[in-house]
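Each remark here refers to the structure printed beneath this line.
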Amino acid sequence: MPEKRERPFSTDRYLSTAGPGRTIIRLNAKQIFSIQGNPADCLYYLQMGRAKLTIVSKGGKEATVTLLAPGDFFGEECMAGPNELRTTSATAVTVCVVLTIACEELTRVLHEEHAFSDLFVQFLALRSRRTQADLVDQLFNNSERRLARTLLMMADYGNASGPMSLIPPVTQETLADMIGTTRSRVSFFMNRFRKLGYISYKNRIRIHKSLLMMVLEDRLPEQNASRPKLLDVAVSHAQSVGHTQSPGHTRSIRRSLAKAS
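Below, the structure is given as structure tokens:
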């Protein structure tokens with residue numbers, strides 16, 4: 333009888349099926365994959381759905397680090413050693429299907445299957461680049477532009493398979509955590525985006541291509557979104573009357589404006 337040949341390794345097949353050291357699990361929205369501080373004993377690969385990584389400070393404050401999309405690996409702390417702990421918690425935002433790869437199996441496949449190790453290294457490099465871009469975003473862009481960039485990433489703009497117009501359900505609190513601002517500011521910006529035609533929302537947020545064009549062309553209107561127009565008019569009026577009113581009256585107007593803002 334002819335010898336039975338082994339099928340060549342397929343990364344797609346490996347990541348879509350269960351096998352030795354690999355398990356597929358399904359979680360509903362708000363269920364937890366892993367908890368910060370627990371042993372890092374496996375790598376996760378998100379096959380379907382959306383999830384988020386969160387971190388809790390020593391003071392008990394929780395912040396969202398990033399949102400995960402299909403095709404993302406997470407939990408790579410397990411590669412650092414046998415006693416590593418999870419640095420973040422992973423929670424399902426929508427119904428998720430995820431492949432878990434045990435540490436021993438991960439070590440084997442990285443050493444023996446170059447197609448997989450090439451894919452994984454490429455993913456880590458892209459994640460590193462995104463982390464650097466997030467840092468630059470926090471340092472140099474205002475919160476309104478950071479919100480626009482976050483919404484575009486959630487809609488997968490830049491993905492080879494094409495973007496989604498409807499993004500997964502997400503609260504304004506989560507968006508505020510991700511861009512480093514308050515929920516009220518996010519609400520203000522979202523209303524502004526809607527009025528400008530960049531997004532629309534009822535039960536879920538729909539991202540329009542005009543938001544992408546705004547970010548690429550850097551043409552977000554430069555109106556100060558944190559200050560109502562009425563106050564700008566009042567300031568101009570105060571400056572104009574300052575020439576005819578007494579200094580004490582002018583100081584009184586400025587104190588009133590300071591309290592209003």
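Add 332 to the 1-based position in the sequence shown for this note's numbering, that's all there is to it. We put the CB at the ideal spot given by N, CA and C, even for glycine.
Ordered along the chain, which non-local residues of its own chain (more than five positions away) have a Cβ less than 6 Å from that of S572?
With a pLDDT of 46 at S572, under the threshold of 50, the modelled position of that residue is not reliable, and no figure is offered here.
Just reading off the alpha helix (DSSP H) that M545 is part of, what are its end residues?
For M545, the enclosing alpha helix (DSSP H) begins and ends at K541 to E549.
Classification of F341 by the beta-carbon crowding that lies within 10 angstroms, buried from 16 upward
Exposed, because fewer than 16 other Cβ atoms sit within 10 Å of the Cβ of F341.
Bridge-paired residues (DSSP) for V468:
Its beta-bridge partners do not exist; DSSP assigns none.
Once you ignore the five residues that flank Y530 on each side, which residues in its own chain have a CB closer than 7 Å to its CB?
Cβ neighbours of Y530 beyond the five flanking positions: H540, S542, L543 and M546.
Expressed to the nearest angstrom, what Euclidean distance is found between the alpha-carbon atoms of G351 and M380?
Between G351 and M380, the C-alpha separation is close to 18 Å.
Checking contacts by CB at 8 Å: is A434 closer than that to chain D?
In the displayed structure, chain D is absent; only one protein chain is listed.
For S348, tell me which candidate among P402, A480, I364 and T482 has the shortest Cα-Cα distance.
The shortest CA-to-CA distance from S348 to any of P402, A480, I364 and T482 is the one to P402.
Since I433 and L375 should fall inside the 8 Å C-beta cutoff, what is the C-beta to C-beta distance between them, to a whole number of angstroms?
Sure, about 5 Å apart at Cβ, within 8 Å.
Output the distance between the C-alpha atoms of C435 and T398, rounded to the nearest integer angstrom.
Per the coordinates, the alpha-carbon of C435 lies some 23 Å from the alpha-carbon of T398.
Assign I367 to one of two classes, buried (16 or more other C-beta atoms within 10 Å of its C-beta) or exposed (fewer than that).
By the neighbour-count criterion, in which a residue is buried when 16 or more other Cβ atoms sit within 10 angstroms of its Cβ, I367 is exposed.
Is there contact between the segment 473 to 490 and the segment 437 to 449, where contact requires at least three CB pairs shorter than 8 Å?
Three or more Cβ pairs closer than 8 Å define a contact, and the segment 473 to 490 falls short of that threshold against the segment 437 to 449.
For G392, list the residues DSSP reports as bridge partners.
According to DSSP, G392 bridges with nothing at all.
Under 8 Å: do the segment 479 to 488 and the segment 496 to 516 share three or more Cβ pairs, one atom per stretch?
Yes, the segment 479 to 488 is in contact with the segment 496 to 516.
From the DSSP output, in three-state form, read off K527 for me.
Here DSSP, grouped into helix, strand and coil, assigns K527 to helix.
If I measure Cβ to Cβ from T396 and keep anything under 8 Å in the same chain, skipping five residues before and after, which residues do I get?
Hits under 8 Å: K384, L385, T386, T506, D509 and M510.
According to DSSP, is Q368 part of a helix, a strand, or is it coil?
Residue state, collapsed to three classes: coil.
Presumed contact (8 Å Cβ cut-off) between F520 and L479, rounded CB distance
Incorrect: roughly 10 Å between the Cβ atoms, too far for contact.
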